Amino acid sequence: MGKHLKTIAAILTITLAAVSCGVVSFTGRRQLLLFSDSEITSLSNQSYSEFMSSAKVSTDAAAVKMLKETGTRMVSALESYMNSHNMSSSLSGLSWEFQLVESEQVNAFCLPSGKIVFYEGILKYADTPDYIAVVMGHEMAHAIARHGNERMSQQSALNLIGIAASEVIGARKGSTAQSLFDIGFGLGTQAGIILPYSRKHEYEADKIGMYIMDLAGYDINAAPAFWEKMNQGKSSDSNDFLSTHPSDSKRIKALQEAIRTKPAF
Ligand SMILES: [Zn+2]
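If you use our numbering, the sequence shown corresponds to residues -18 to 246, in order.
Spelled out as structure tokens, the structure:
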């Protein structure tokens, strides 16, 4: 990018941020959010029903039960914390659902509206309620922190460089929102090919996910232990979860540091 374009990009980003700035719950980080909750929710729900219509729901009743119990316990702990701290508005647009689908893939994802899907293959690693809570908390955190909206907004801001300011607001509506969503959450029949989040988003989701585990009474030390376990098994599987959630010693160290400095809830 040339110097001139960089300046335009910076001015545009600052301008947009001034009108459409959000604050991430728990971390207080300010973020650019150009899309409304309702836009994101409707795109998410559409994508979710397309995905579920071609997916096979797991017949492993015990595993399905464990997954739904973990999700429900974490959501209710989160909601009661948010309600008692006057932060329930940060959960607006989220309607949680937990699904286990038949597939050997080691994978899980969450759509920005709170629809969380685990593939059976990930249960080889997430084989206790605490480990399930690690994955669940991390995925919930992406939704709570509005990482999908932020990623689409950043991409949208980049796309707008060079476009007249009068077109800025119009350009983010309709088909643009749809195509930005599809790039980030391309859930076709191929199932769960979600663009990896940035490192910043991954670390933030690890931290917030661990906080939710704590609120719900799970063992937060299971979080770094889970990523170690994933790391060790990564060569033996088609581990799609690791391709979107790269695990390494830096990530595990950051999580351990987040545990040491965790506020008391
Ligand atoms: Zn993630």
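The beta-carbon is built from N, C-alpha and C at its ideal position, and this holds for glycine as well. This structure is a prediction, so every number in the text was calculated from the model and none was measured.
ask   = Around the C-beta of F246, are 16 or more other C-beta atoms found within 10 angstroms, so that it is buried, or is it exposed?
value = Within the sequence shown, numbered from 1, the residue matching residue 246 stands at position 265. So F246 counts as exposed.
message = For the structure I just gave you, are there three or more beta carbon pairs, one from the stretch 17 to 31 and one from the stretch 71 to 89, closer than 8 Å?
response = yes
key: Opening and closing residue of the beta strand (DSSP E) in which A245 lies   = The residue you call residue 245 lines up with position 264 of the sequence shown. Run containing A245: none; DSSP gives neither H nor E here.
ask   = Residue range of the beta strand (DSSP E) that E260 falls in?
value = Limits of the chain in this structure are -18 at one end and 246 at the other, which puts residue 260 out of reach.
ask   = Alpha carbon to alpha carbon, how far is Y100 from C91?
value = Working through the sequence shown from its first residue, we reach residue 100 at position 119. Working through the sequence shown from its first residue, we reach residue 91 at position 110. Between the C-alpha atoms of Y100 and C91 there is a straight-line separation of about 12 Å.
key: Continuous beta strand (DSSP E) stretch holding R11: start and end   = Reading the sequence shown from its first residue, position 30 is the one you call residue 11. Boundaries of the beta strand (DSSP E) harbouring R11: 11 to 13, taken from the DSSP string.
query = For ligand 1, any of its heavy atoms closer than 7 Å to the Cβ of H226?
reply = Residue mapping note: residue 226 aligns to position 245 of the sequence shown, counting from 1. Yes, since a heavy atom of ligand 1 falls inside the 7 Å radius drawn around the Cβ of H226.
query = What do you reckon, are the CB atoms on I193 and G118 nearer than 8 Å?
reply = Counted from its first residue, the sequence shown places residue 193 at position 212. Counted from its first residue, the sequence shown places residue 118 at position 137. Yes.
query = Under 8 Å between the Cβ atoms of Y199 and D111?
reply = In the sequence shown, the residue the question calls residue 199 occupies position 218. In the sequence shown, the residue the question calls residue 111 occupies position 130. Cβ distance < 8 Å, so Y199 and D111 count as in contact.
request  = Within 10 angstroms of the Cβ of M133, are there 16 or more other Cβ atoms? Answer buried if so, exposed if not.
outcome  = One-based indexing of the sequence shown puts residue 133 at position 152. Looking at its Cβ environment, which holds 16 or more other Cβ atoms inside 10 Å, M133 is buried.
request  = Report whether the distance from the Cβ of A138 to the nearest heavy atom of ligand 1 is below 7 Å.
outcome  = On the sequence shown, position 157 is the one that residue 138 refers to. Taking the Cβ of A138 as the reference point, every heavy atom of ligand 1 lies at 7 Å or farther away.
request  = Can you tell me which of V5, S23, F7, Q12 puts its alpha carbon nearest to the alpha carbon of A138?
outcome  = Taking the sequence shown and counting its residues from 1, the one referred to as residue 138 is at position 157. Residue Q12 is the option with its Cα nearest to A138.
key: Per-residue DSSP class, three states only, for G74   = The residue given as residue 74 occupies position 93 in the sequence shown. Note: G74 maps to coil in three-state DSSP.
Rounded C-alpha distance that separates F162 from A124 = Walking along the sequence shown from the start, residue 162 turns up at place 181. Walking along the sequence shown from the start, residue 124 turns up at place 143. Straight-line Cα distance between these residues: approximately 14 Å.
task = Assuming V87 and F222 form a contact by the criterion Cβ under 8 Å, report the distance between their Cβ atoms to the nearest whole angstrom.
result = Position 106 of the sequence shown holds residue 87. Position 241 of the sequence shown holds residue 222. Indeed they touch by this definition, with Cβ atoms about 5 Å apart.
task = Would you mind working out which of R241, P205, S224, P244 sits nearest S230, comparing C-alpha positions?
result = Locating residue 230 in the sequence shown gives position 249, counting from the first residue. For the residues R241, P205, S224, P244, the minimum Cα distance to S230 belongs to P205.
task = Quick one: measure Cβ to Cβ for D195 and A235, integer angstroms, because I've assumed they're closer than 8 Å.
result = If you number the sequence shown from 1, residue 195 lands on position 214. If you number the sequence shown from 1, residue 235 lands on position 254. That belief does not hold up - the Cβ atoms of D195 and A235 are roughly 17 Å apart, past 8 Å.
task = With DSSP collapsed to three states, give me the class of G198.
result = Start at 1 with the first residue of the sequence shown, and residue 198 comes out as number 217. It is coil, neither helix nor strand.
query = Does the Cβ-Cβ distance between I113 and M47 come in under 8 Å?
reply = Here residue 113 refers to the residue found at position 132 when the sequence shown is read from its first residue. Here residue 47 refers to the residue found at position 66 when the sequence shown is read from its first residue. Yes.
ask   = Anyone know if the C-beta pair for K189 and I240 falls short of 8 Å?
value = For the purposes of this step, residue 189 is taken as residue 208 along the sequence shown, with counting starting at 1. For the purposes of this step, residue 240 is taken as residue 259 along the sequence shown, with counting starting at 1. Note that residue 189 is Ile in the sequence shown here, rather than Lys. No, they are not a contact pair.
task = Give me the Cα-Cα distance between V115 and M191, rounded to the nearest whole angstrom.
result = Residue mapping note: residue 115 aligns to position 134 of the sequence shown, counting from 1. Residue mapping note: residue 191 aligns to position 210 of the sequence shown, counting from 1. M191 has its alpha-carbon roughly 7 Å from the corresponding atom of V115.
key: Assigned exposure category for S228 - 16 Cβ within 10 Å defines buried   = Locating residue 228 in the sequence shown gives position 247, where the first residue counts as 1. Counting Cβ neighbours within 10 Å, S228 comes out buried, since at least 16 surround it.
message = Between the alpha carbons of I164 and L176, how many angstroms are there, rounded?
response = Position 183 of the sequence shown, counted from the first residue, corresponds to residue 164. Position 195 of the sequence shown, counted from the first residue, corresponds to residue 176. Their backbone Cα atoms lie some 7 Å apart in a straight line.
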